[in-house]
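Engineer: Can you read through this structure? Questions will come right after.
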Amino acid sequence: MTKSTGQLDNLTSIDNWQSIANGIWRCELGDISKEQCYSNLAVAPPRWDRINVLSPADFPFVSDVPSYQNKDGKITIRIPAEADEQLYGFGLQFDGLKKNKTVLTLNTDHWNKGGGRTHAPVPFYISSKGYGVFFNTARYLKVYCQIGNRKDSPNNPVPVDRNPVPETESIDPWQAVPQGDAVEGHIIGKGMEIIVFSGASMLDVVRRYNLYCGGGVLPPLWGLGFWHRVHAAFDADQTEAEVAAFNEKQFPLDVVGLEPGWMSSSYPCTFEWQKARFAEPDVLAKRLLEQGVRLNLWINPYVSPESRIHDEIYPYSGSHMVWLGLVPDYYMPQARRLLVEQHTKEHLNIGISGYKVDEVDGYDFWLWPDHATFPSGISGESMRQTYGLLMQNLLYKDLFKKNNQRTYGNVRSSNGGASGYPFVIYSDSYDHAQYIRGISAASLCGVLWTPEVRNAATAREWLNRMQTVCFSPMAKLNAWATGLHPWSFPEVEAAVRKVIQLRMRLLPYIYSAFADYHFNGVPPMRAMMLESEAIDINGTVVKGKLDSETDPYAMNTVMETTDQFMFGPSIMVAPFYGDKATERQVHLPSGKWYDFYSGQPVGSHTTFVIKAEVLNDQIPLFVKDGALIPMLSKNLLNTQGIQGCDLELRHYGTADGTFELYEDDGKSFDYEQGAYRIRTLSVTEQGLTETLSKDDAAALFGSVSLRRMS
Ligand code: GAL
1 MTKSTGQLDN LTSIDNWQSI ANGIWRCELG DISKEQCYSN LAVAPPRWDR
51 INVLSPADFP FVSDVPSYQN KDGKITIRIP AEADEQLYGF GLQFDGLKKN
101 KTVLTLNTDH WNKGGGRTHA PVPFYISSKG YGVFFNTARY LKVYCQIGNR
151 KDSPNNPVPV DRNPVPETES IDPWQAVPQG DAVEGHIIGK GMEIIVFSGA
201 SMLDVVRRYN LYCGGGVLPP LWGLGFWHRV HAAFDADQTE AEVAAFNEKQ
251 FPLDVVGLEP GWMSSSYPCT FEWQKARFAE PDVLAKRLLE QGVRLNLWIN
301 PYVSPESRIH DEIYPYSGSH MVWLGLVPDY YMPQARRLLV EQHTKEHLNI
351 GISGYKVDEV DGYDFWLWPD HATFPSGISG ESMRQTYGLL MQNLLYKDLF
401 KKNNQRTYGN VRSSNGGASG YPFVIYSDSY DHAQYIRGIS AASLCGVLWT
451 PEVRNAATAR EWLNRMQTVC FSPMAKLNAW ATGLHPWSFP EVEAAVRKVI
501 QLRMRLLPYI YSAFADYHFN GVPPMRAMML ESEAIDINGT VVKGKLDSET
551 DPYAMNTVME TTDQFMFGPS IMVAPFYGDK ATERQVHLPS GKWYDFYSGQ
601 PVGSHTTFVI KAEVLNDQIP LFVKDGALIP MLSKNLLNTQ GIQGCDLELR
651 HYGTADGTFE LYEDDGKSFD YEQGAYRIRT LSVTEQGLTE TLSKDDAAAL
701 FGSVSLRRMS
């Protein structure tokens, strides 16, 4: 299927590119029949219907894309990259989104290893020229981005004399790393699939990727409320007292997470209740649920010899153990069935809402070695690349979806194909600047990331971290080690309460943003570089006044800033962080921007410094001209009381605005059968109009009243 290329010696050009949908092409290198690929584990088949309504896009490469296999078994592809092309992505990388002139090893691991090793080393990159490349292989992938100069390439820079004789001037400076003209990537394996996504903008490319992976996740409404993980050694009474304290202090709370101490034995795990601490877990779960609070359980997947499923699962586990616990091979239906039966009986049936799946990312010293074997035949390497994904697939599909119940939880590793899974990645790293950057990085590769709060050196840091996390996919305090509460720093207690309340009031806006992720592939929280156009829930680019004339929010130049990001369609978030803590620079893209709190104009296409005192210690939020932001009209302590709640619709600036308000039952999968409705809210000078996509299904919110902010 390949032909030799006249241009580059010893290489063969791929000539089996197959167009599989509007703007998507694939090819196979070698034999992929026995290889594991990420898309096999995606939540659902590609959303062809949604992909095909995106604006058409051409195959991005005019020159050959060659591939070859070395004598030592490396399958290599060489994707052209021009000198002025910016390359971004390769997963949840906290050191920056731009990946020009880098070498990365995409290997599932803790973040602190760097060099490409991270919690979600998604082998997908996006080019500023409007395309993305997905190496759909669950192998360790080594990529050289514009690094390396083939001797037969016509695009190499001219060599420069590093030590010119005096008086002579070289035109270009000598470079330690001369510019390469390709992204070269290799695996050691039998074959790999490459998928190319094209698009009118980088956002379009990301949307195609997410839709190809089955669409983005639509979490249950309660999952978007506030989360608190109690101390690891807490018992049932302490957990209940904690919930009562939230209530008493008037802090919102939707989910309480239990850490390892809930289990009879952990590291490795039994998945059974620790009766000394939790004598009647069903009673606890019920009592909390009556108050609208759900329980989430910490687990890691490694099965303790003390677990009742240990002996039965033994034949379906890998050759090596982790913390002396079995590593189940969940590619095998027998292993899945055993875990699911146990989890259904002891967790799901008593009302457990979801899991935090820990320790699936690795660390060479305690994970299985790469040469470990598994009964399904999958390699130790591919198992490591997919274990987090596999756990998400198992829990989501076999446990929750089967029971028509949505879940939301955490996972410490993920990978390609994960867009549709209701699991948010977290880390032990804890650098606030990196945690903010993670929100942008996650948006480029179909994963969700929470900059969770654990501790802080000062009250100000506590507030800053709380503010950041309230504008992320999961607003969570993880007090497993510290036992802290949102009110633990009295100086900022009121400000922390206020931002959590704001998160709650924004739930209609946030939930609709997730619906846009689900139906149209638009990440709910996005890197600034993806900010270019407004898209409605049906996938149509909205060309209202907002985008007319000059299309004011389309940016000709890519905005690479990663300490600010988009939150839903029209709010830009710029958290305070780091040593300065109470002031920071804000970059406003073109188009008119307004202050979220006051509605006052703040500028257009400019950079300025903002100080916390000006905002009364609130998080800096900026809103687009014409933005409509639906908010609950009152404060809620959790989502239990959200049904029928009236909305205040804030309108900013002078332009007309439209918002697609999404409604369904907030908890089941009935929306997949059409049990949802969209209320199109439009505001002009004349006032507010509202149209319903259908009025028979799933009313969620009450009536809407307009509040003009400008
Ligand atoms: C860590 C995890 C923490 C906490 C802890 C409990 O691995 O990152 O969030 O769950 O384990 O032992």
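My numbering puts the first residue of the sequence shown at 1, with every later residue one more than the last.
In this text, a Cβ means the ideal position worked out from N, Cα and C, and glycines have one as well.
By Cβ distance, which residues of its chain are closer than 7 Å to residue 45, with the 5 residues on each side in sequence left out?
Structural biologist: Counting only Cβ-Cβ distances below 7 Å, and skipping sequence neighbours, we find 214.
Engineer: I'd like to know whether the C-beta atoms of residue 144 and residue 180 end up nearer to each other than 8 Å.
Structural biologist: Their beta carbons are under 8 Å apart, which means residue 144 touches residue 180 by this criterion.
Engineer: To the nearest angstrom, how far is it from the Cα of residue 458 to the Cα of residue 579?
Structural biologist: Answer to the nearest angstrom: the Cα atoms are 11 Å apart.
Engineer: Looking at residue 627 and the ligand GAL, is the gap between the Cβ and the nearest heavy atom below 7 Å?
Structural biologist: Residue 627: no, Cβ never under 7 Å from the ligand GAL.
Engineer: Pull the bridge partners of residue 186 from the DSSP assignment, please.
Structural biologist: 76 and 142.
Engineer: How long is the line joining the alpha carbons of residue 583 and residue 432, rounded to whole angstroms?
Structural biologist: If you take the alpha carbons of residue 583 and residue 432, they lie about 15 Å apart.
Engineer: Is the region 494–501 touching the region 92–100, taking contact as three or more C-beta pairs under 8 Å?
Structural biologist: Touching, no, given that fewer than three Cβ pairs across the two stretches are closer than 8 Å.
Engineer: I need the straight-line Cα distance from residue 533 to residue 526, nearest angstrom please.
Structural biologist: The predicted position of residue 533 is uncertain, since its pLDDT is 44 and thus under 50; no value can be drawn from it.
Engineer: Since residue 595 sits in a beta bridge, which residues does DSSP pair it with?
Structural biologist: 622, per the DSSP bridge assignment.
Engineer: Since I believe residue 652 is in contact with residue 618 (beta carbons under 8 Å), could you give me their beta-carbon distance rounded to a whole number of angstroms?
Structural biologist: About 16 Å separates the two Cβ atoms, so there is no contact after all.
Engineer: Quick check on this structure: which residue in 417, 294, 240 and 269 has the alpha carbon closest to the alpha carbon of residue 120?
Structural biologist: Among 417, 294, 240 and 269, the Cα nearest to that of residue 120 is on 417.
Engineer: When we look at the beta-carbon of residue 14 and count the other beta-carbons within 10 Å, is it buried (16 or more) or exposed?
Structural biologist: Counting Cβ neighbours within 10 Å, residue 14 comes out buried, since at least 16 surround it.
Engineer: Is it the case that the Cβ atoms of residue 20 and residue 26 are separated by a distance below 8 Å?
Structural biologist: Yes, Cβ-Cβ distance for residue 20 and residue 26 is below 8 Å.
Engineer: When DSSP labels each residue in this structure, what does residue 482 get in the three-state scheme?
Structural biologist: In the structure shown, residue 482 sits in coil (DSSP, three-state: anything other than H, G, I, E or B).
Engineer: What are the boundary residues of the beta strand (DSSP E) that residue 585 is part of?
Structural biologist: Run containing residue 585: 583–588, per the beta strand (DSSP E) assignment.
Engineer: Count the other CB atoms within 10 Å of the CB of residue 345; is the residue buried (16 or more) or exposed (fewer)?
Structural biologist: Exposed, because fewer than 16 other Cβ atoms sit within 10 Å of the Cβ of residue 345.
Engineer: Counting C-beta neighbours from all protein chains within 10 Å, is the total for residue 735 16 or more, i.e. buried, or is it exposed?
Structural biologist: It is not possible to answer for residue 735, since the shown part of the chain is limited to 1 through 710.
Engineer: What is the DSSP secondary structure of residue 151, reduced to helix, strand or coil?
Structural biologist: Looking at residue 151 - three-state DSSP - the assignment turns out to be coil, as it is neither helix nor strand.
Engineer: Would you please verify whether the beta carbon of residue 678 is less than 8 Å from any beta carbon of chain B?
Structural biologist: No chain B is part of this structure, which consists of one protein chain only.
Engineer: If we ignore side chains and look at the alpha-carbon of each, how far apart do residue 638 and residue 191 end up?
Structural biologist: About 49 Å.
Engineer: Per DSSP, what kind of secondary structure is residue 349 in: helix, strand or coil?
Structural biologist: Three-state DSSP puts residue 349 in a helix.
Engineer: So what's residue 449 in DSSP terms, helix, strand or just coil?
Structural biologist: Note: residue 449 maps to strand in three-state DSSP.
Engineer: Helix, strand or coil for residue 704 per DSSP?
Structural biologist: Three-state DSSP puts residue 704 in a strand.
Engineer: Relative to the ligand GAL, is the shortest distance from any of its heavy atoms to the C-beta of residue 112 smaller than 7 Å?
Structural biologist: No - the ligand GAL has no heavy atom lying nearer than 7 Å to the Cβ of residue 112.
Engineer: Starting from residue 112 and walking both ways along the beta strand (DSSP E), at which residues does that stretch end?
Structural biologist: Where residue 112 is concerned, there is no enclosing beta strand (DSSP E), given that its DSSP letter is neither H nor E.
Engineer: Assuming residue 271 and residue 329 are in contact, meaning their beta carbons sit under 8 Å apart, how far apart are those beta carbons, in whole angstroms?
Structural biologist: Not confirmed; about 17 Å, so no contact.
Engineer: Should residue 204 go down as buried or exposed, given a rule of 16 or more other Cβ atoms within 10 Å for buried?
Structural biologist: The residue in question, residue 204, is buried, as its Cβ has 16 or more Cβ neighbours within 10 Å.
Engineer: For the alpha helix (DSSP H) holding residue 690, just list the boundary residues, first then last.
Structural biologist: Residue 690 -> not in any alpha helix (DSSP H); beta strand (DSSP E) instead, spanning 687–692.
Engineer: If you reduce the DSSP assignment to three classes, tell me which class residue 538 lands in.
Structural biologist: Residue confidence for residue 538 is low, a pLDDT of 38 falling below 50, so the modelled location carries little weight; the figure read from the coordinates is stated next. Coil at residue 538, not helix or strand.
Engineer: For the ligand FMN, any of its heavy atoms closer than 7 Å to the Cβ of residue 428?
Structural biologist: Judged by which ligands are present, the ligand FMN is missing from the structure shown, whose ligands are the ligand GAL.
Engineer: What residue range is occupied by the uninterrupted alpha helix (DSSP H) comprising residue 229?
Structural biologist: First-last for residue 229: 226–229, but that is the beta strand (DSSP E), not the alpha helix (DSSP H).
Engineer: I believe residue 79 touches residue 202 by the beta-carbon criterion, under 8 Å. Please report the beta-carbon distance rounded to the nearest angstrom.
Structural biologist: Contact doesn't hold; Cβ gap of about 17 Å is too wide.
Engineer: Given this structure, state the Cα-to-Cα distance separating residue 357 from residue 300, to the nearest angstrom.
Structural biologist: Each residue's Cα considered, the two are about 5 Å apart.
Engineer: Alpha carbon to alpha carbon, how far is residue 107 from residue 372? Give it in angstroms, no decimals.
Structural biologist: The straight-line gap from Cα to Cα measures roughly 16 Å.
Engineer: Using a threshold of 7 Å, is the CB atom of residue 478 nearer than that to any non-hydrogen atom of the ligand GAL?
Structural biologist: Yes, the ligand GAL has a heavy atom inside 7 Å of this Cβ.
Engineer: For the ligand GAL, any of its heavy atoms closer than 7 Å to the Cβ of residue 487?
Structural biologist: For the ligand GAL, not one heavy atom lies less than 7 Å from the Cβ of residue 487.
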